[in-house]
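Colleague: According to numbering that gives the first Met the number 0, the sequence shown holds residues 0 to 265 in order.
In this text, a Cβ means the ideal position worked out from N, Cα and C, and glycines have one as well.
Since we're looking at a predicted model, the values are computed, not measured.
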Amino acid sequence: MIKKILLITTLLASCQLMANTTGQSKQGYIDQITAKIHSEWRLMKAKDGWGCKVHIIQDKQGVILQSSIGDCNTTDKRFIKQLQKAIDKSSPLPRAPTGLFDSELTLHFKVKGDIDVLKSLRDKANNYKYKAAFNKWLPLAKNNHMPSQYNLGFMYSSGKGVTKDLGKSFYWYDRAAKQGHSASQFGIAWMYQNGVGVEKDINKAVGWYEKAAEQGDKAALFTLGAMAYNGSNGVKEDKARAKDLIQQSADQDYSKAIKFLDKHKF
Numbered sequence: 000m001i002k003k004i005l006l007i008t009t010l011l012a013s014c015q016l017m018a019n020t021t022g023q024s025k026q027g028y029i030d031q032i033t034a035k036i037h038s039e040w041r042l043m044k045a046k047d048g049w050g051c052k053v054h055i056i057q058d059k060q061g062v063i064l065q066s067s068i069g070d071c072n073t074t075d076k077r078f079i080k081q082l083q084k085a086i087d088k089s090s091p092l093p094r095a096p097t098g099l100f101d102s103e104l105t106l107h108f109k110v111k112g113d114i115d116v117l118k119s120l121r122d123k124a125n126n127y128k129y130k131a132a133f134n135k136w137l138p139l140a141k142n143n144h145m146p147s148q149y150n151l152g153f154m155y156s157s158g159k160g161v162t163k164d165l166g167k168s169f170y171w172y173d174r175a176a177k178q179g180h181s182a183s184q185f186g187i188a189w190m191y192q193n194g195v196g197v198e199k200d201i202n203k204a205v206g207w208y209e210k211a212a213e214q215g216d217k218a219a220l221f222t223l224g225a226m227a228y229n230g231s232n233g234v235k236e237d238k239a240r241a242k243d244l245i246q247q248s249a250d251q252d253y254s255k256a257i258k259f260l261d262k263h264k265f
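1. Are residue 251 and residue 217 closer than 8 Å when you measure CB to CB?
2. Taking the straight line between their C-alpha atoms, what separation do you get for residue 249 and residue 138?
3. Which class does residue 181 belong to by DSSP, given the choice of helix, strand or coil?
4. Report the CB separation of residue 63 from residue 82 in whole angstroms; it is logged as a contact under 8 Å.
5. So what does DSSP say about residue 81, is it helix, strand or coil?
6. Is residue 90 helix, strand or coil when you go by DSSP?
7. Considering only residues of the same chain and omitting the five flanking positions on each side of residue 208, which have a CB-CB separation below 6 Å?
8. Going by DSSP, what residues sit across from residue 67 in a beta bridge?
9. Taking buried to mean at least 16 other C-beta atoms within 10 Å of its own C-beta, is residue 173 buried or exposed?
10. Could you check whether residue 265 and residue 238 sit closer than 8 Å to each other, using their CB atoms as the reference points?
11. In three-state terms, what does DSSP make of residue 193?
12. Residue range of the alpha helix (DSSP H) that residue 246 falls in?
13. Please classify residue 33 as buried or exposed, where buried requires at least 16 neighbouring CB atoms within 10 angstroms.
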């Protein structure tokens, strides 16, 4: 059974969260969230006037189940990425005082599918209930829920909860990738590059790496950067582009990119 969740709409402006609700008690709680997220901010600071609306879904223990960022007044991709990273790292948030947000408690049908998936993810990680997770993800995946499609792709590639089947792995990664899921785009790029679950096709591999990198996927950024550095797999050698791509990956704490920058000269 899905427990009630707390759906809070907040506004981030110049690294400060402000409640859309009124009342000093609620504002005090939002201030605590502000401090927690601010403490996780890394690498860059927001410029004056930059802001985004942030929607946070958390359980009653403060664990963030889902968050989204929208309506930004800046197009700076690094600001938005670092904001999302700070939000993710801030979980669990301080627990809300009892009764403070009773009117916001919800089982909103629009997010119920995502909550089911995230709950099953925790079950998988903690209890290895892969088969139970698969049964939850499959109907969602068939209904074009991208995270579920990605999860099925992973399960079929690793044999977790299902019989290993690289063809089915590619099928689910491909469905999610075509909808714009960056991790799935990286997945099928790697499969095309290595001929795993599909016929090897370097051109298609590079094309999907490019799509994933455009969305800021750190693994894709590094892979393309390494190709550009070495001039391999049909990617023209370009040290300047390689450095930029790998630096973007390293800025997201991708260990391979960090090690590459330490080892190689540009």
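Modeller: Reading from the atomic positions:
1. On the sequence shown, residue 251 is found 252 positions in, with the first residue counted as 1. On the sequence shown, residue 217 is found 218 positions in, with the first residue counted as 1. Yes, they are a contact pair.
2. Residue numbering aside, residue 249 sits at position 250 when the sequence shown is read from its first letter. Residue numbering aside, residue 138 sits at position 139 when the sequence shown is read from its first letter. About 36 Å.
3. The residue labelled residue 181 in the question sits at position 182 within the sequence shown. Three-state DSSP puts residue 181 in a helix.
4. Within the sequence shown, numbered from 1, the residue matching residue 63 stands at position 64. Within the sequence shown, numbered from 1, the residue matching residue 82 stands at position 83. Not confirmed; about 13 Å, so no contact.
5. Residue 81 sits at position 82 when you count from the first residue of the sequence shown. Residue 81 falls in the helix class under three-state DSSP.
6. Numbered from 1 along the sequence shown, position 91 holds the residue referred to as residue 90. In this structure, residue 90 counts as coil in the three-state DSSP scheme.
7. Locating residue 208 in the sequence shown gives position 209, where the first residue counts as 1. Excluding sequence neighbours, residue 208 sits near 188, 219, 222, 223.
8. Start at 1 with the first residue of the sequence shown, and residue 67 comes out as number 68. According to DSSP, residue 67 bridges with 54.
9. The residue you call residue 173 lines up with position 174 of the sequence shown. When all chains shown are included, residue 173 counts as buried.
10. Sequence index remark: in the sequence shown, residue 238 carries index 239 (1-based). Sequence index remark: in the sequence shown, residue 265 carries index 266 (1-based). Yes, these two residues count as a Cβ contact at 8 Å.
11. On the sequence shown, residue 193 is found 194 positions in, with the first residue counted as 1. Reduced to three states, the DSSP call for residue 193 is helix.
12. Locating residue 246 in the sequence shown gives position 247, counting from the first residue. Element bounds for residue 246: 238-249.
13. Here the question's residue 33 lines up with position 34 in the sequence shown. Counting Cβ neighbours within 10 Å, residue 33 comes out buried, since at least 16 surround it.
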